[in-house]
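What follows is a short report on a single structure.
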Amino acid sequence: MAEKVLVTGGAGYIGSHTVLELLEAGYLPVVIDNFHNAIRGRGSMPESLQRVQELTGRSVEFEEMDILDQAALQRLFKKHHFMAVIHFAGLKAVGESVQKPLDYYRVNLTGTIQLLEIMRAHGVKNLVFSSSATVYGNPQYLPLDEAHPTGGCTNPYGKSKFFIEEMIRDLCRADKTWNAVLLRYFNPIGAHASGCIGEDPQGIPNNLMPYVSQVAIGRREALNVFGNDYDTEDGTGVRDYIHVVDLAKGHIAALRKLKEQCGCRIYNLGTGTGYSVLQMVQAMEKASGQKIPYKVVARREGDVAACYANPSLALKELGWTAALGLDRMCEDLWRWQKQNPSGFGAQA
1 MAEKVLVTGG
11 AGYIGSHTVL
21 ELLEAGYLPV
31 VIDNFHNAIR
41 GRGSMPESLQ
51 RVQELTGRSV
61 EFEEMDILDQ
71 AALQRLFKKH
81 HFMAVIHFAG
91 LKAVGESVQK
101 PLDYYRVNLT
111 GTIQLLEIMR
121 AHGVKNLVFS
131 SSATVYGNPQ
141 YLPLDEAHPT
151 GGCTNPYGKS
161 KFFIEEMIRD
171 LCRADKTWNA
181 VLLRYFNPIG
191 AHASGCIGED
201 PQGIPNNLMP
211 YVSQVAIGRR
221 EALNVFGNDY
231 DTEDGTGVRD
241 YIHVVDLAKG
251 HIAALRKLKE
261 QCGCRIYNLG
271 TGTGYSVLQM
281 VQAMEKASGQ
291 KIPYKVVARR
301 EGDVAACYAN
311 PSLALKELGW
321 TAALGLDRMC
331 EDLWRWQKQN
341 PSGFGAQA
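Per the UniProt record's numbering, the very first residue in the sequence shown carries number 1; after that it's consecutive.
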């Protein structure tokens with residue numbers, strides 16, 4: 001009997017790629033999402049999951065639901081027997097979190113507390129949580145390993161992820177029957193090799209690469225580079241970009257880890273290599289064959305100069321490593337952008 005896994009926020013960018021990998025690995029994903037970062041397809045199904053079904057030839061069980069809706073979550077847990085929960089649902093824009101801190105704390109913290117309470121009530125004590133490298137705050141050293149101090153976060157989004165990590169750690173300490181894997185993502189980019197699913201930001205993209213690809217396709221005029229006076233090789237910010245398919249596969253490895261009754265474990269999911277904004281622009285120009293105009297503007301509040309992972313613990317304990325390099329990330333992103341110049345919306 002295939003094991004059921006609840007995926008919260010599973011219609012979004014990382015969620016939909018993970019649902020695809022879950023299906024390929026023989027799990028039965030049940031997905032909830034409130035369409036905050038997803039486009040409706042035919043009927044009630046998100047377009048991203050519709051395409052996951054087409055790609056895999058398998059059906060996805062989906063319910064439209066908000067993580068803050070306690071009654072709906074209760075009904076869901078009565079209806080299904082879940083082996084584990086992969087928790088993506090939450091607000092995720094760093095800049096917006098500075099403007100709207102209460103929204104971020106309400107959705108991310110309250111939503112997670114309610115989910116954990118309902119999981120506990122139904123005896124579902126296996127969790128994979130999507131955390132972020134933002135919990136490290138300003139790096140004290142590089143590359144960042146899991147022992148690097150956390151909590152010096154520069155924005156409410158990062159703080160919300162840090163607080164949730166602490167809650168889950170406390171829960172696992174208090175009740176040894178809980179198992180949790182906290183995955184600290186670096187910067188996911190790229191798309192599934194088919195070009196059928198990818199990142200489809202609503203409105204102006206908050207992240208570099210969707211913006212770059214929209215400039216390449218002609219949807220936006222030029223890229224704003226936030227600061228070129230950082231202490232980096234070319235003065236622009238350096239980040240660890242990881243292919244979203246590699247990231248999704250990290251969640252399958254995390255589910256396997258939960259079966260070892262692992263307690264609370266924390267892993268970086270990154271490549272270990274940092275690339276600057278201008279290096280990413282060049283890589284995308286190469287993949288797309290397009291010129292990508294950019295202009296330098298003021299630094300963005302809360303941005304750090306450089307941030308990249310030491311991912312060796314995930315290799316050692318999860319048997320996971322990032323396999324897809326920068327060229328492949330950009331080629332796959334460009335294929336998605338070319339096939340879906342307006343994202344999911346045009347076909348829906």
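Just so you know, even glycine gets a beta-carbon here, dropped at the ideal spot from N, CA and C.
Distance between residue j and residue i (C-alpha atoms, nearest Å)
| i | j | result |
| --- | --- | --- |
| Gln347 | Gln202 | Only weak support is given to the placement of Gln347: the predicted model assigns it a pLDDT of 48, under 50, and the question is left unresolved by the model. |
| Leu6 | Met284 | 35 Å |
| Cys153 | His87 | 21 Å |
| Val304 | Tyr27 | 38 Å |
| Asn34 | Lys316 | 36 Å |
| Pro149 | Glu24 | 36 Å |
| Val297 | Ala222 | 12 Å |
| Gln99 | Pro156 | 9 Å |
| Pro101 | Thr18 | 28 Å |
| Val94 | Leu278 | 21 Å |
| Leu258 | Ile266 | 12 Å |
| Asp69 | Gly237 | 39 Å |
| Ser312 | Ile164 | 24 Å |
| Gly90 | Lys286 | 34 Å |
| Gly195 | Ser213 | 13 Å |
| Met65 | Asn108 | 15 Å |
| Glu63 | Thr112 | 18 Å |
| Ala72 | Val30 | 14 Å |
| Leu247 | Phe226 | 26 Å |
| Pro143 | Gly274 | 9 Å |
| Gly158 | His192 | 27 Å |
| Leu76 | Lys291 | 49 Å |
| Val233 | Trp336 | First, the amino acid is wrong: residue 233 is Glu here, not Val. Each residue's alpha carbon lies about 30 Å from the other. |
Counted within 10 angstroms of its Cβ, other Cβ atoms place residue i as buried (16 or more) or exposed
| i | result |
| --- | --- |
| Pro341 | exposed |
| Met1 | exposed |
| Val181 | buried |
| Ser16 | buried |
| Lys249 | buried |
| Gly190 | buried |
| Glu260 | exposed |
| His81 | exposed |
| Tyr141 | exposed |
| Ile67 | buried |
| residue 374 | One cannot answer for residue 374 here, as it falls past the ends of the chain, which runs 1 to 348. |
| Pro293 | exposed |
| Arg239 | buried |
| Gln339 | exposed |
| Lys295 | exposed |
| Asn268 | buried |
| Ile168 | buried |
| Ala174 | exposed |
Bounding residues of the beta strand (DSSP E) (the contiguous stretch that carries residue i)
| i | result |
| --- | --- |
| Phe129 | 126 to 132 |
| Lys249 | It is not in any beta strand (DSSP E) - Lys249 instead sits in the alpha helix (DSSP H) that spans 244 to 258. |
| Ile266 | 264 to 269 |
| Pro188 | 187 to 189 |
| Lys295 | 294 to 297 |
| Phe62 | 61 to 64 |
| Val7 | 4 to 8 |
Whole-number beta carbon distance between residue j and residue i, since they are thought to touch under 8 Å
| i | j | result |
| --- | --- | --- |
| Met329 | Tyr211 | Met329 to Tyr211, Cβ: 15 Å. No contact. |
| Gln50 | Ser59 | Not a contact, Cβ separation roughly 10 Å. |
| Val135 | Lys161 | 5 Å |
| Ile14 | Pro188 | 6 Å |
| Asn228 | Gly235 | 4 Å |
| Ala11 | Ser48 | 5 Å |
| Gly9 | Asp200 | Not really, about 14 Å apart at Cβ, beyond 8 Å. |
| Asp4 | Met119 | Here residue 4 turns out to be Lys, not Asp, going by the sequence shown. Actually they do not touch by this definition, with Cβ atoms about 13 Å apart. |
| Cys172 | Gly263 | 6 Å |
| Trp334 | Ala254 | Wrong, their Cβ atoms sit about 29 Å apart, outside the cutoff. |
Continuous alpha helix (DSSP H) stretch holding residue i: start and end
| i | result |
| --- | --- |
| Ala283 | 277 to 288 |
| Leu315 | 312 to 318 |
| Val33 | The sequence shown places Asp at residue 33, not Val. No alpha helix (DSSP H) contains Asp33, which is instead part of the beta strand (DSSP E) from 28 to 33. |
| Phe226 | Taken as a continuous stretch (DSSP letters only), Phe226 belongs to no alpha helix (DSSP H), being part of the beta strand (DSSP E) at 223 to 226. |
| Trp334 | 326 to 339 |
| Asp170 | 156 to 174 |
| Ile197 | Where Ile197 is concerned, there is no enclosing alpha helix (DSSP H), given that its DSSP letter is neither H nor E. |
| Met209 | 208 to 217 |
| Tyr13 | 13 to 24 |
| Leu49 | 47 to 56 |
Within-8 Å CB hit, residue i to chain D
| i | result |
| --- | --- |
| Gly250 | Among the chains of the structure shown, chain D does not appear; only one protein chain is present. |
heavy atom of the ligand HEM below 7 Å from residue i C-beta
| i | result |
| --- | --- |
| Val5 | Among the components modelled here there is no ligand, and therefore nothing to report on the ligand HEM. |
Runs of alpha helix (DSSP H) wholly within the segment 71 to 149 (minimum 4 residues, chain order): 94 to 99, 101 to 104, 111 to 121
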